[in-house]
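Novice: This is the structure I want to talk about, given as structure tokens.
Numbering (the UniProt record's numbering), first residue to last: 1 to 229.
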């Protein structure tokens with residue numbers, strides 16, 4: 001089942017200092033969200049975390065909201081979604097509304113680096129943050145603050161970038177992307193998508209169409225959304 005309800009188009013990002021809005025990218029992702037992608041996202045949580053029924057969870061950098069949604073669907077006792085990007089907050093609210101705004105799912109806009117902000121939260125059985133904390137500008141402080149939210153018997157599940165020989169190159173690509181006009185961004189998206197999902201597989205004698213077809217098995221994600229990220 002594909003989302004048919006129109007996502008709000010007139011949102012304005014109110015957070016100063018965000019050079020790239022992940023939330024805008026996630027808004028586009030939600031337009032292609034399907035039940036199958038949600039099932040894959042739910043399965044990835046079960047594979048990583050096991051049975052989360054009855055557990056309290058915080059999703060730091062909730063992005064599209066799909067994993068907060070999956071936590072709700074898997075029976076979590078309490079879900080807290082946090083993101084600094086107002087578009088991402090809108091994404092989570094959009095999915096929360098789909099399940100009739102349950103009281104056990106709360107959504108907040110703020111930074112994991114803001115100790116005053118996170119002091120309002122308690123301790124959680126599961127602290128989840130996938131591909132987020134390295135974007136904060138102070139990764140180790142972000143990790144420290146995230147870990148402070150785990151209860152004594154809880155789990156802190158984080159995914160962050162690893163440093164490779166190509167890290168400097170990708171940093172420069174991101175800088176150029178953020179400084180480019182809209183047409184420049186579209187061109188970079190097209191070129192990178194073509195290289196990653198067609199040219200490189202062909203050079204490796206692999207069928208690129210098979211990879212694209214199976215891409216949603218990667219936590220229910222979308223290839224173009226990941227290219228923009």
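A virtual CB, placed ideally from N, CA and C, is assigned to each residue, including glycine.
Among 119, 130, 159, which one has its Cα closest to the Cα of residue 145?
Specialist: Within the chain shown, residue 145 is the residue found at index 145, counting from 1. Here the closest residue by C-alpha is 119.
Novice: Going by C-alpha distance, which of 91, 121, 46 is nearest residue 73?
Specialist: Position 73 of the chain shown, counted from the first residue, corresponds to residue 73. Among 91, 121, 46, the Cα nearest to that of residue 73 is on 46.
Novice: Enumerate in chain order the residues of its own chain whose CB-to-CB distance from residue 68 is below 6 Å, with the five nearest sequence positions on each side excluded.
Specialist: The residue you call residue 68 lines up with position 68 of the chain shown. Excluding positions up to five away in sequence, the list reads 59, 62, 79, 81, 92.
Novice: In whole angstroms, give me the CA-to-CA distance for residue 175 and residue 101.
Specialist: The residue given as residue 175 occupies position 175 in the chain shown. The residue given as residue 101 occupies position 101 in the chain shown. Spanning the two alpha carbons is a distance of roughly 38 Å.
Novice: Less than 8 Å between the beta carbons of residue 56 and residue 75, yes or no?
Specialist: As a working note, residue 56 is residue 56 in the chain shown. As a working note, residue 75 is residue 75 in the chain shown. Taking 8 Å as the Cβ cut-off, residue 56 and residue 75 do not qualify as a contacting pair.
Novice: Between the alpha carbons of residue 190 and residue 39, how many angstroms are there, rounded?
Specialist: As a first step, residue 190 must be located in the chain shown, where it is residue number 190. As a first step, residue 39 must be located in the chain shown, where it is residue number 39. About 29 Å.
Novice: Would DSSP call residue 155 helix, strand or coil?
Specialist: Numbered from its first residue, the chain shown carries residue 155 at position 155. In the structure shown, residue 155 sits in a strand (DSSP, three-state: E or B).
Novice: On the CB-based measure, 16 or more other CB atoms within 10 Å of its CB, does residue 105 come out buried or exposed?
Specialist: Taking the chain shown and counting its residues from 1, the one referred to as residue 105 is at position 105. Residue 105 comes out buried.
Novice: Using the C-alpha atoms, what's the distance from residue 65 back to residue 89?
Specialist: As a first step, residue 89 must be located in the chain shown, where it is residue number 89. As a first step, residue 65 must be located in the chain shown, where it is residue number 65. Distance between the alpha carbons of residue 89 and residue 65 is about 8 Å.
Novice: Below 7 Å CB to CB, which residues in the same chain sit around residue 202 once its five sequence neighbours on both sides are set aside?
Specialist: Residue mapping note: residue 202 aligns to position 202 of the chain shown, counting from 1. Result list for residue 202: 208, in chain order.
Novice: I'd like the list of long-range same chain contacts for residue 99, defined as Cβ closer than 7 Å, with 5 residues on each side in sequence excluded.
Specialist: Taking the chain shown and counting its residues from 1, one reaches residue 99 at position 99. Contacts found: 72.
Novice: If you draw a straight line from the C-alpha of residue 154 to the C-alpha of residue 112, how long is it?
Specialist: Taking the chain shown and counting its residues from 1, one reaches residue 154 at position 154. Taking the chain shown and counting its residues from 1, one reaches residue 112 at position 112. Taking the straight line joining both Cα atoms gives about 18 Å.
Novice: Compute the distance between the beta-carbons of residue 142 and residue 133, then report whether it is under 8 Å.
Specialist: Within the chain shown, numbered from 1, the residue matching residue 142 stands at position 142. Within the chain shown, numbered from 1, the residue matching residue 133 stands at position 133. Yes, Cβ-Cβ distance for residue 142 and residue 133 is below 8 Å.
Novice: Cα separation between residue 129 and residue 164?
Specialist: Taking the first residue of the chain shown as position 1, residue 129 is located at position 129. Taking the first residue of the chain shown as position 1, residue 164 is located at position 164. The straight-line gap from Cα to Cα measures roughly 21 Å.
Novice: Please tell me whether residue 157 and residue 127 are closer than 8 Å, where the distance is taken between their beta carbons.
Specialist: Locating residue 157 in the chain shown gives position 157, counting from the first residue. Locating residue 127 in the chain shown gives position 127, counting from the first residue. Taking 8 Å as the Cβ cut-off, residue 157 and residue 127 qualify as a contacting pair.
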